[in-house]
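*Asks:* First residue of the sequence shown? That's 607 in my numbering, and the numbers climb one at a time after it.
Note that CB positions come from ideal geometry on N, CA and C, so glycine has one too.
Just so we're clear, the structure is a prediction, and the values are computed from it rather than from any experiment.
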Amino acid sequence: MLKLLSPLLTATVTLTLTAGSAQPLVIAHRGASGYLPEHTLAAKTLAYEMGADYLEQDVVLTRDDVPVVMHDVQLETTTDVAQRFPDRKRADGHYYALDFTLAEIKQLQAHERTNPKTGKVVFPKRFPLGQSSFKVPTLEEELQLIAGLNKTLGRRVGIYPEIKQAAWHRRQGHDISRIVLPILRRYGYATKQDPCWVQCFEIDENQRIRGELGWKGNLLLLLGSGGKRPDGTPDPWFTPAGLAEAAKTVDGVGPSLHAIVTGTSPADRVVTDFVKHAHAAGLVVHPYTLRADELPKFFASVEDAEEVLFNQAGIDGLFTDFPDLAVRWRSTHLKTTHKSDSR
Ligand code: CA
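1) If we call anything under 7 Å between Cβ atoms a contact, is Arg-823 one with Lys-798?
2) Pick helix, strand or coil for Ser-862, following the three-state DSSP scheme.
3) Less than 6 Å separating the Cβ of Asp-927 from some heavy atom of ligand 1?
4) Run through the DSSP bridge pairs and tell me what Tyr-894 is partnered with.
5) Would you say Arg-784 reaches chain C, if we count a Cβ-Cβ gap shorter than 7 Å as a contact?
6) Count the other CB atoms, across all protein chains shown, that sit within 10 Å of the CB of Pro-613; report buried if there are 16 or more and exposed otherwise.
7) Going by other Cβ atoms of all chains shown within 10 Å of its Cβ, with 16 needed for buried, is Arg-636 buried or exposed?
8) Is Gln-771 buried or exposed, if buried means 16 or more other CB atoms sit within 10 Å of its CB?
9) Verify the contact flag: Asp-781, CB atom, against every heavy atom of ligand 2, threshold strictly below 6 Å.
10) Using CA coordinates, which residue listed in Ile-815, Lys-712, Ala-773 and Ile-809 is at the minimum distance from Pro-788?
11) Who are the near neighbours of Phe-807 in its chain, counting only those whose CB is closer than 6 Å to its CB and skipping five residues on each side?
12) Report the option in Phe-706, Gly-657 and Lys-741 whose CA atom is closest to the CA atom of Ile-633.
13) Using 8 Å as the cut-off, can you tell me whether the stretch 732-748 makes contact with the stretch 711-722, which would need three or more C-beta pairs spanning the two stretches below that distance?
14) Alpha carbon to alpha carbon, how far is Arg-776 from Thr-651? Give it in angstroms, no decimals.
15) Can you check whether the CB of Gly-858 is closer than 7 Å to the CB of Leu-889?
16) I want to know whether the stretch 750-764 touches the stretch 686-700 - three or more CB-CB distances under 8 Å.
17) Rounding to the nearest angstrom, what Cα-Cα distance links Phe-928 and Asp-910 in this structure?
18) Under 7 Å, do Leu-931 and Pro-902 count as touching if we go by C-beta distance?
19) So Gln-689 is in the alpha helix (DSSP H); what residue range does that whole segment cover?
Right, dumping it as structure tokens:
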């Protein structure tokens, strides 16, 4: 078994070292979003304290071209925009961050993710709706928070910004990548040795980030769920040839958990060849998203998921809403071979 795996591990090791990591990374997905409203500075601070290696930022633009940290280009799922600015929705019924200045967005309260149609929270066991006070941070406010914590706590926790809907932003007349990348450089994130991964779902934009915009740091291509296109045909980026093509531009890929494991229950699950193929192409694999309160049916528990993903599939990092659980699991259960080979 070990013999079979060793070339694979060697490949992984070289790549994770390039990214400055000794073991699989724990990436706090929107912060410790299992415990506090996503993408608030409170959720990032908690994730930091829980021992995450990287904190994720989803980035969208305001009307005055300030990058803010939000998952959706629409404001209504995670803020009280509909109550505060009821007349500012577009004809499609949505309130877009791009239609609001930063000063206006700063008037909003951020809250736990809701379904705007029902007004109900998406994750009922999470932080209660409408309690306490949270704001939408700018990207720079968040980078300053992380730099400050790195100074006071003596760690080197990284950032993981995602350029959201780049093509859509450009169709609206706003070039998000061209605005975000110089900010990252200004805060010291510029090379593959710096603890920063830029991520984007759009291959064209990844190519632009690497080429036209000259990004020299780590870059990850996010892949849509399941390995299938909306019409049901296979997504070519999930094939060995597609991964080799992606490797000309990016350093890693971020598929959903369903690309790594398939099955309808823990009894019949299968670990796919995806990680093997990605490693063969020289790519690291950082799948999304492990949620303790929304486990895929092929996992029996969070611990079971972590065992399969880290030890059996050999992923290089994991996006999770519950970074504390992954950090705890990693400290006790990670295969010794994985640990020692990684240094
Ligand atoms: Ca994201």
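*Replies:* Taking the definition as stated:
1) Rather than Arg, the amino acid found at residue 823 in this sequence is Gly. The answer is yes: Cβ separation under 7 Å.
2) Residue state, collapsed to three classes: strand.
3) No, the beta carbon of Asp-927 sits no closer than 6 Å to any heavy atom of ligand 1.
4) Paired residues: Ser-862.
5) Looking for chain C here will not work: only one protein chain is present.
6) Because the pLDDT at Pro-613 is just 42, under 50, the model does not fix this residue reliably, and the point stays unresolved.
7) Buried is the call here.
8) Residue environment for Gln-771: buried (at least 16 other C-beta atoms within 10 angstroms of its C-beta).
9) Absent from the structure shown: ligand 2. Ligands present: ligand 1.
10) The shortest Cα separation from Pro-788 among Ile-815, Lys-712, Ala-773 and Ile-809 belongs to Ile-815.
11) Here the set comprises Leu-828.
12) Ile-633 has its Cα closest to that of Gly-657, out of Phe-706, Gly-657 and Lys-741.
13) Under the 8 Å Cβ criterion, the stretch 732-748 counts as touching the stretch 711-722, having at least three qualifying pairs.
14) Thr-651 and Arg-776: Cα-Cα distance of roughly 32 Å.
15) Yes; because the gap between Cβ atoms is below 7 Å, this pair is in contact.
16) Taking 8 Å as the limit for Cβ pairs, the verdict is that the stretch 686-700 does not touch the stretch 750-764.
17) Spanning the alpha carbons of Phe-928 and Asp-910 requires a straight line of approximately 14 Å.
18) At the C-beta level, Leu-931 and Pro-902 stay beyond 7 Å of one another.
19) 687-690 is the extent of the alpha helix (DSSP H) around Gln-689.
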